[in-house]
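Working notes, structure below.
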Amino acid sequence: MPRAFTPKVVTANHLLEGDVIYQTNDGWTRDLAQAEVLDDEAYADLRLLEATQQRDVIVGAYLADVEPTDAGPKPTHFREAFRMRGPSNYSHGKQAEL
Amino acid sequence: MYHYNDFDTAFLAERNAQFRAQVERRIDGSLTEDEFKPLRLMNGLYLQLHAYMLRVAIPYGTLNSAQMRKLAEIAERWDKGYGHFTTRQNIQYNWPKLRDVPDMLDALAEVDLHAIQTSGNTIRNVTADHFAGAAADEVEDPRPVAELLRQWSTDHPEFQFLPRKFKIAVSGSEVDRAVTKAHDIGLRMVRNAAGEPGFEVIVGGGLGRTPMIGKVITPFLPKADLLPYVEAIVSVYNLLGRRDNKYKARIKITVHENGIERIRELVEERFTAIKAQFAGFDQELLSKLEAAFAPPAFKTGNIKGYEAARLTNPAFASWSDTNLSAHKADGYAIVSISLKAHGATPGDATADQMRVMADLAERYGHNELRISHEQNVILPHVHKSDLPAIYAALRDAGLATANIGLVSDIIACPGMDYCALATARSIPIAQEIAERFDALKLEHDIGPLKIKISGCINACGHHHVGHIGILGLDRAGVENYQITLGGDGSEDAAIGERAGPGFSADEIIPAIERLVLGYLDLRETANETFLQAYRRLGAAPFKAVLYPAETKQDAA
């Protein structure tokens, strides 16, 4: 049996800044909590396709697993947690900016 | 040192102008990412987890003070005030913005530096012994040959689309400080029976997912034959190397699958065919390069002040015991500046620290600096009478950690804190191990011990050749660390053996502590190093201290 679809967000890096961004209903955000959560596989694929076409804005879009919470989506894998926060050796990246 | 001639300067200016235009075309949408990516990689620009990363080549690890100051300026102006020195004698900037990169490259060009071929399937930055030109045990300074190889390989039309990346390392001594046996081509300078200098040529070494110790393709290559012979090797690999499978595309697999005898035959055949084309101009260039790398005018003078400082200042004595190496000139020493302060990120230097090191090199060190593959900085030529002043300046800059070659002098790749390929973090593990052994105050009792950490199987942290290697993996969504034992990156190179099941991030520091304290109990004398004890006893007693519960169960 195929594995059940789990909630996702579309994420990528910003072309000019290089930093991590997430797709919202009408654009992009640097705050995962503001991202659009995708519960339906076909719709998620469509949103990813739409993101990929914005080639002047973003690089390397993909679907990342999240866990929806009252405070917005949260990463389920440590890689996505680092992307959301920044490196652990300095307070650089998103943890210093948001 | 080598300084760019008009040709070099014009070539680099043209290349930088091309890249500036490519960046503009990417930004205005004329180029897609698929079109742009190979172009940016050819110029050292990666896209990592949090940002772009610019990898700048430091050819054969040699810098002058002006170059180091420029690296500091770039770190401050376009990055976050620091740079990361890597195991391939490069410096990486972790936070550039795409629009700024052409300006960064132009700034580098002002001091004869570039980022060309620090990525992509090309011949990468040629690395060398970081004690080159200074080591007491050296046959010859390997840098003229390394510069010859750099000029030959840069934009070489035949070798811009190799099956995979290609790394060359050169050592001027029989003692191998350049890990030549873990490179695609390793060149180790030796003398033949007649006393003439030449190279032992090693091919097909490499780490990564399939670690291999390189094989000797010829035990003695006359220096004059170097360029055609190396070209023959790369040429044979270019045709024979596999392009069907990225993981089998390195020359180590080509050598493994075809056998060193077959490779040797093909290389000899190609060498014979092309040798005549190298009709002496390479040797003319080499002799010019040898003149450019002539040793500085070493001074003479008494070293009583140095000896007195050793007697009166125990911290200075400890630092000079661990951080100095034998120099070929009387009264001189090679200073290794540790970028491994306990708890700091291995290989990172702030812009201020870079300037301190540049100033010291200018004032006391004949204007020369080196970057080691072990992620430290070297002042290669220092008169011992200047050591107390150098130590004091380093101490004030947080650069006087007395730990070269010890347990806290850890190689660590950037790992998942920065790298898009990583499967786990490396830096925090290195930080915690260093802090733990510093707290135990056992570092100097433990003696020489190389711990090397990689955050994925690509092995940028050289874990396979660490006396203790640590490999970070993703096991079902959790960081997990495997330990290898008995690796060695020297002329007696060996690949470490996996000790057993991996450890969680919480378990790995206590595991390393058990292992090292266990070694202290196992060693025969205080002079027997970890690696010697491991070679004498084998893996079993070390595994027993790493996995006490399992060992008890087996015995029950």
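Protein sequences appear in the order of chains W and C. Under this note's numbering, the residues of the first sequence are numbered 3 to 100, in order. Under this note's numbering, the residues of the second sequence are numbered 1281 to 1836, in order. Ideal placement from N, C-alpha and C gives every residue a C-beta, glycine not left out.
Limits of the beta strand (DSSP E) - the one that residue i falls within
i	result
C:W1375	First-last for C:W1375: undefined, no H or E at that position.
C:V1455	C:V1455 -> no beta strand (DSSP E), and no H or E assigned at all.
C:I1362	Per the sequence presented here, residue 1362 of chain C reads as Tyr, with Ile not at that position. Taken as a continuous stretch (DSSP letters only), the beta strand (DSSP E) holding C:Y1362 covers 1362-1365.
W:Y64	60-69
C:P1339	First-last for C:P1339: undefined, no H or E at that position.
C:F1500	1495-1502
C:I1709	First-last for C:I1709: 1707-1720, but that is the alpha helix (DSSP H), not the beta strand (DSSP E).
C:L1649	1648-1651
C:Y1612	1612-1617
Contacting residues, own chain, Cβ-Cβ under 7 angstroms from residue i (five flanking each side not counted)
i	result
C:F1558	L1507, P1508
C:A1673	V1636, L1640
C:D1386	N1296
C:G1623	Q1711, A1714, E1715
C:R1305	L1311
C:F1551	P1508, Y1509, A1512
C:G1585	S1665, P1668
Range covered by the alpha helix (DSSP H) that runs through residue i
i	result
W:E82	80-87
C:N1760	From DSSP, C:N1760 is part of no alpha helix (DSSP H) but of the beta strand (DSSP E) over 1758-1765.
C:Y1509	1506-1520
C:M1348	1345-1358
W:Q25	No alpha helix (DSSP H) holds W:Q25; the beta strand (DSSP E) holding it covers 22-26.
C:A1824	1820-1826
C:H1410	Element bounds for C:H1410: n/a, residue is neither H nor E.
C:H1330	No alpha helix (DSSP H) holds C:H1330; DSSP gives it neither H nor E.
C:A1629	Taken as a continuous stretch (DSSP letters only), C:A1629 belongs to no alpha helix (DSSP H), being part of the beta strand (DSSP E) at 1628-1630.
C:E1476	No alpha helix (DSSP H) holds C:E1476; DSSP gives it neither H nor E.
W:P4	Counting along the chain, W:P4 falls outside any alpha helix (DSSP H), and DSSP gives it neither H nor E.
Helix, strand or coil at residue i [DSSP, three-state]
i	result
C:D1386	helix
C:N1285	coil
C:S1433	helix
C:F1783	strand
C:Y1852	Outside the shown range of chain C (1281 to 1836) lies residue 1852 of chain C, about which nothing can therefore be said.
C:Q1440	coil
C:N1296	helix
C:V1745	helix
W:K10	strand
C:A1836	Per-residue confidence for C:A1836 stands at a pLDDT of 48, beneath the threshold of 50, marking its modelled position as unreliable; no derived number is given.
C:A1462	helix
W:T54	helix
C:G1640	It should be noted that the sequence gives Leu, not Gly, for residue 1640 of chain C. Here C:L1640 sits in helix by DSSP.
C:P1790	helix
C:P1728	coil
C:I1670	helix
C:I1737	coil
C:S1665	helix
W:L1	The structure shown does not extend to residue 1 of chain W, since chain W is modelled only from 3 to 100, so the question has no answer here.
W:L18	coil
C:G1695	helix
C:D1689	coil
C:G1645	coil
C:V1391	coil
6 angstroms Cβ shell around residue i - same chain, five flanking residues per side excluded
i	result
C:A1836	Bear in mind that the predicted position of C:A1836 carries a pLDDT of just 48, short of 50, making it too unreliable to give a figure here.
C:V1687	F1717, E1723, I1726, L1729
C:Y1827	G1780
C:C1736	L1701, A1702, T1703
W:E69	K76, T78
Residues of its chain near residue i, where Cβ-Cβ distance is below 8 angstroms and the 5 sequence neighbours each way are ignored
i	result
W:R87	G95, K96, Q97
W:I15	The amino acid occupying residue 15 of chain W in the given sequence is Asn; Ile does not appear at that position. Answer for W:N15: D21, V22, I23, I60, V61, G62, listed in chain order.
*When the Cβ atoms of the segment 1376-1386 of chain C are set against those of the segment 1436-1444 of chain C, are three or more pairs found closer than 8 angstroms?*
Contact between the segment 1376-1386 of chain C and the segment 1436-1444 of chain C is not established, with fewer than three Cβ pairs separated by less than 8 angstroms.
*Give a yes or no on contact between the segment 1282-1298 of chain C and the segment 72-82 of chain W, applying the rule of three or more CB pairs nearer than 8 angstroms.*
Because the criterion of three Cβ pairs below 8 angstroms is not met, the segment 1282-1298 of chain C and the segment 72-82 of chain W do not touch.
*Which runs of the beta strand (DSSP E), 3 residues or longer, sit entirely within the segment 1529-1606 of chain C?*
1604-1606
_Cβ contact check for the segment 1421-1428 of chain C and the segment 1361-1369 of chain C: 3 or more pairs under 8 angstroms_ = no
*Counting Cβ pairs, one atom from each stretch, are 3 or more of them under 8 angstroms apart for the segment 1344-1355 of chain C and the segment 1641-1658 of chain C?*
yes
_Would you call the segment 1559-1568 of chain C in contact with the segment 1518-1536 of chain C, where contact means no fewer than 3 C-beta pairs closer than 8 angstroms?_
no
*At least three beta-carbon pairs within less than 8 angstroms, the segment 1384-1392 of chain C to the segment 1430-1437 of chain C*: no
*Answer yes if the segment 1390-1409 of chain C comes into contact with the segment 1328-1340 of chain C, meaning at least three C-beta pairs across the two stretches below 8 angstroms, and no otherwise.*
yes
*Three CB pairs or more closer than 8 angstroms across the segment 1656-1663 of chain C and the segment 1694-1707 of chain C*: no
_Does the contact criterion of 3 or more C-beta pairs under 8 angstroms hold for the segment 1774-1794 of chain C versus the segment 1746-1761 of chain C?_
Three or more Cβ pairs drawn from the segment 1774-1794 of chain C and the segment 1746-1761 of chain C lie within less than 8 angstroms of each other, which places the two stretches in contact.
*Touching or not, the segment 1450-1459 of chain C and the segment 1527-1537 of chain C, by the rule of three or more beta carbon pairs under 8 angstroms?*
Because the criterion of three Cβ pairs below 8 angstroms is not met, the segment 1450-1459 of chain C and the segment 1527-1537 of chain C do not touch.
_Check whether the segment 1667-1681 of chain C and the segment 1616-1633 of chain C are in contact - that is, three or more C-beta pairs closer than 8 angstroms._
yes
*Could you say if the segment 1488-1498 of chain C and the segment 1534-1549 of chain C meet the contact criterion of at least three C-beta pairs nearer than 8 angstroms?*
Judged by Cβ distances under 8 angstroms, the segment 1488-1498 of chain C makes contact with the segment 1534-1549 of chain C, as three or more pairs qualify.
_Sufficient close CB pairs (3 or more, under 8 angstroms) joining the segment 1690-1697 of chain C to the segment 1732-1749 of chain C_ = yes
*How do the segment 43-60 of chain W and the segment 8-17 of chain W stand: do at least 3 beta-carbon pairs fall below 8 angstroms, yes or no?*
yes
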